[in-house]
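Novice: Numbering (the numbering used here), first residue to last: 1037 to 1192.
Positions of the beta carbon are idealized from the N, C-alpha and C atoms, including for glycine.
1. In whole angstroms, give me the CA-to-CA distance for residue 1014 and residue 1182.
2. Quick check on residue 1087: does DSSP put it in helix, strand or coil?
3. Where does residue 1105 land, buried or exposed, given buried means 16+ other C-beta within 10 angstroms?
4. Can you tell me which of 1115, 1078, 1065, 1134 puts its alpha carbon nearest to the alpha carbon of residue 1159?
5. Compare the beta carbon distance of residue 1100 and residue 1169 with 8 Å and say whether it is the shorter of the two.
6. Can the beta-carbon of residue 1162 be found less than 8 Å from the beta-carbon of residue 1112?
7. Under 8 Å between the Cβ atoms of residue 1143 and residue 1126?
8. With respect to the alpha helix (DSSP H) encompassing residue 1144, which residues constitute its N-terminal and C-terminal limits?
9. With H, G and I counted as helix, E and B as strand and the rest as coil, what does DSSP make of residue 1134?
10. CA-CA distance, residue 1173 and residue 1087?
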């Protein structure tokens, strides 16, 4: 009977060793999987943080371009207003010195024509400045959107 008892003990010891080896393998695989998951999560968070930083930089650059455009438009409007005021004062002085009704109408017609041309030139300049400002303002944001779309497409 001692042989049978010894055989049972050996079989039990082998089974215990196999279970222990399997448990260690499972624990090692679980630890490796957990570590890999944490590493991927940290890499994703790092990438997300980098993308967020780039997006914020694009917004700041866009706002700076918009502010620059607004300043240019403001300066143009101020210059046009000053020039227009000076020309209107000069025209009023000329009109007050007219010697006849005919001369008054001629001076008034010439002033109206030059004032209209100046106004249309100012509108064209304002339109060009506004278009350029909008283009410059959206350029950094468009660049970030393009980069995000490329990133999504490459991830698929």
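Specialist: So, from the listed chains and residues:
1. Absent from the structure is residue 1014, since the part of the chain shown begins at 1037 and ends at 1192.
2. helix
3. buried
4. 1115
5. no
6. yes
7. no
8. 1137–1191
9. coil
10. 19 Å
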